[in-house]
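Single-structure report; data block below.
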Amino acid sequence: MASLNSPRVTRTSAYSGLTSHIVNMDEHQRELLDKAMLQLSTQTLQQDENKETHNKVNHWFYFMEAFSYKNSSLLDRSNGNYHLFLDGEPHHPDSIMLEAQREANKTRHPCPVSSYLTTRDELIEHYKLLYEISPENSKSDDDSAIRQVAMLKVPEFVRIPLESLSPISISSMYLNKVHQEHYLIVRVISPAVRLAAIQVAIEDEQGSVVDLAMYHCFETSGLDRQGVIELVPLGQALLIRQPWLTRGLTGGNVTIRVSSPSDLIFLPPSHPLLSNCPEAWKAGGGKDSQVYKDIGNHAFKNGRFESAIQAYSHGLLVDPTASVLRLNRSACYLSINKPSMALKDAQIASEDKSMKDALRSKAQYRIALAYYALDRFSEALSILERENGYRFSPADFSELEKKIHERLVEQAQGSYKWLALSKMAKQINGHRQVTDVADYVGPVEVALMESKGGDRGLVTTREVLAGELLCALPKS
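Structure representation (structure tokens):
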């Protein structure tokens, strides 16, 4: 049961006709859905004994999934509660998801999972169908539907060190339970598909199989189906911390749901925890760091940055001193907008005393790029201004230095190139995009408003002139 202050999820037909252009499934895809036994739910209204029609209120949800189309979302929270806008299209994926959630809620209390498990062949066949109905790509500028997840309640994460956890098998687990004292080692047995989550079929050492749904673990923007498959390769061994066993939303299969990337660990074939696993789990165990570097470089050149990160990470497990892999991984993190992780990798790589001048200069440049992405412009400038006898790309250094000076002026004075910003706004045309300008906070501060009931508010710190810029938060 959700807490009293959790938002309620209801269904309503307030957006007439919206779903007709949210997603257009052809007959082949609808047949696949039927074969996959995904039950459909189209009921949005119900009648009482007097034949009066009322909105149907669903159960409380800890999380909710819905489709979006460009700037229109099927989830609305204008009145404080989440509403799912549906007009009852029988093949609409949100109808499928709600029905799967309803089926999952039939068994709420923890119970032994063994009687709910499916066979390996059935699960692999299910994933063949899911692959065919999965989106071919996830470009942000096309007209395809985008699956989104709204967390209605902050999940509770228990952070016990891995060495304090004990192994568990799937058949020993309980449905509807987070196994907080355990970890699970599994192997991927199907190609990955992207629906709401990145999903794969997995098996443990005893041969038991379940779904694995990974939420918020990967950056998939722009990836096609093959790119998604490379994120979690066939045969990849995984360690799942404190596995949460529940019912899945794509067919109701028993599913391990991972909502935090820190709960998922990719294990290379040579990892000690795989020493007692079947030999098939250790295929490729002879790879050295150079092989992983080549795999990562190939993925990077094809824009598959998450796959490259996995390859470089495997190489670092084999050889933690391979600073080039860490430097390459830093570039990947910058490409998927994870500057904090990029900064850490570049800083560690730059401390390698055996690194050649060209690579050290590249590391310094990536440190500056990471600081820039974090809006730490002064620190970025100090990196570029250090004495350095060799610059791997003077042009890149000069261009970044110029941009940093512009951001510092914007940050300190609120002096913007308004015409350029206006052109940028027209180019963006409502699409979500981070603008390359700095935030400005002028003579204002947040303070308690005693005269306004004690709430916090924004007040000026001095007298201001009419037309004076108080703050500008173009990145918000």
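If you're matching positions, the sequence shown starts at 60 in the numbering used here and goes up one per residue.
By construction, the Cβ of each residue, glycine as well, lies at the ideal position given by its N, Cα and C atoms.
Query                                                                                                                                                               : Result
Residue ranges of each beta strand (DSSP E) run of no fewer than 3 residues wholly in the segment 295-338, ordered along the chain?                                 : 296-300, 303-306, 313-317 and 323-326
Could you give the residue range of the beta strand (DSSP E) that holds Asp270?                                                                                     : Val268 to Met273
Quick one: residues in its chain with C-beta nearer than 6 Å to the C-beta of Ile324, no 5 flanking neighbours on either side, listed in chain order?               : Leu298
Quick check on the burial criterion: 16 or more other C-beta atoms within 10 angstroms. Buried or exposed for Arg521?                                               : exposed
On the criterion of 16 or more Cβ atoms from any shown chain inside 10 Å, does His185 qualify as buried, or is it exposed?                                          : buried
Spell out the partners DSSP gives Val503 in its beta bridges.                                                                                                       : Thr519
So is His275 buried or exposed if we call it buried at 16+ other beta carbons inside 10 Å?                                                                          : exposed
Check for me: the alpha helix (DSSP H) holding Ile354 runs from which residue to which?                                                                             : Ser348 to Lys360
Determine whether the beta carbon atoms of Val259 and Ala251 lie at a separation below 8 Å.                                                                         : yes
Let me know the secondary structure DSSP gives Arg466 once reduced to three states.                                                                                 : helix
If we ignore side chains and look at the alpha-carbon of each, how far apart do Asp416 and Arg425 end up?                                                           : 14 Å
Please tell me whether Leu304 and Met232 are closer than 8 Å, where the distance is taken between their beta carbons.                                               : yes
Could you tell me the distance, in whole angstroms, from the CA atom of Gly281 to the CA atom of Leu532?                                                            : 27 Å
Taking Cβ to Cβ, would you say Pro328 is nearer than 8 Å to His238?                                                                                                 : no
For Tyr233, which residues does DSSP report across the bridge?                                                                                                      : Pro171
Of the choices Pro331, Tyr351, Leu333 and Gln423, whose alpha-carbon is the least far from that of Glu410?                                                          : Gln423
Who does Ile244 pair with in a DSSP beta bridge?                                                                                                                    : Leu298
With distances taken between CB atoms, is the gap from Leu221 to Arg300 smaller than 8 Å?                                                                           : yes
Taking DSSP's pairing of strands, which residues face Ile257 in a bridge?                                                                                           : Arg253 and Met273
Quick one: give me the first and last residue of the alpha helix (DSSP H) that Gly286 is part of.                                                                   : Arg284 to Leu290
From Lys398 to Pro171, what does the alpha carbon distance come to, in whole angstroms?                                                                             : Reading the sequence as shown, one finds Pro at residue 398 and not Lys. Each residue's Cα considered, the two are about 43 Å apart.
State the CB to CB distance for the pair Arg388 and Asp404, rounded to an integer number of angstroms; the pair is presumed to be in contact (CB under 8 Å).        : 5 Å
Kindly provide the ranges of any beta strand (DSSP E) runs that are 3 or more residues long and lie completely inside the segment 383-438, ordered along the chain. : none
Report buried or exposed for Leu517, applying the criterion of at least 16 other Cβ atoms within 10 angstroms of its Cβ.                                            : exposed
For the alpha helix (DSSP H) containing Ile368, list its first residue and its last residue.                                                                        : Phe364 to Val377
Should Phe144 go down as buried or exposed, given a rule of 16 or more other Cβ atoms within 10 Å for buried?                                                       : With a pLDDT of 42 at Phe144, under the threshold of 50, the predicted position of this residue should be treated as unreliable, and no value is reported.
Apart from the five residues just before and just after Ser228, which ones in its own chain have a Cβ nearer than 8 Å to its Cβ?                                    : Leu243, Asp263, Glu264, Gln265 and Ser267
May I have the straight-line CA-CA distance separating Leu428 from Phe456, to the nearest angstrom?                                                                 : 10 Å
Which stretch, first to last residue, makes up the alpha helix (DSSP H) that contains Ile192?                                                                       : Arg179 to Ile192
As a quick exercise: from Ile395, Arg515, Lys511 and Ala367, pick the residue whose alpha carbon is nearest that of Val503.                                         : Arg515
Determine, using beta carbons only, whether Gly286 and Ser372 come nearer to each other than 8 Å.                                                                   : no
Does DSSP put Asp495 in a helix, in a strand, or in coil?                                                                                                           : coil
Checking 8 Å against the spacing of the C-beta atoms, do Arg284 and Ser420 come in under that value?                                                                : no
Measuring alpha carbon to alpha carbon, tell me which of Asn312, Ile248 and Arg306 ends up nearest Ala296.                                                          : Ile248
Between the Cα of Leu376 and the Cα atoms of Lys346, Met400 and Ile463, which residue gives the shortest distance?                                                  : Lys346
Which class does Asp514 belong to by DSSP, given the choice of helix, strand or coil?                                                                               : strand
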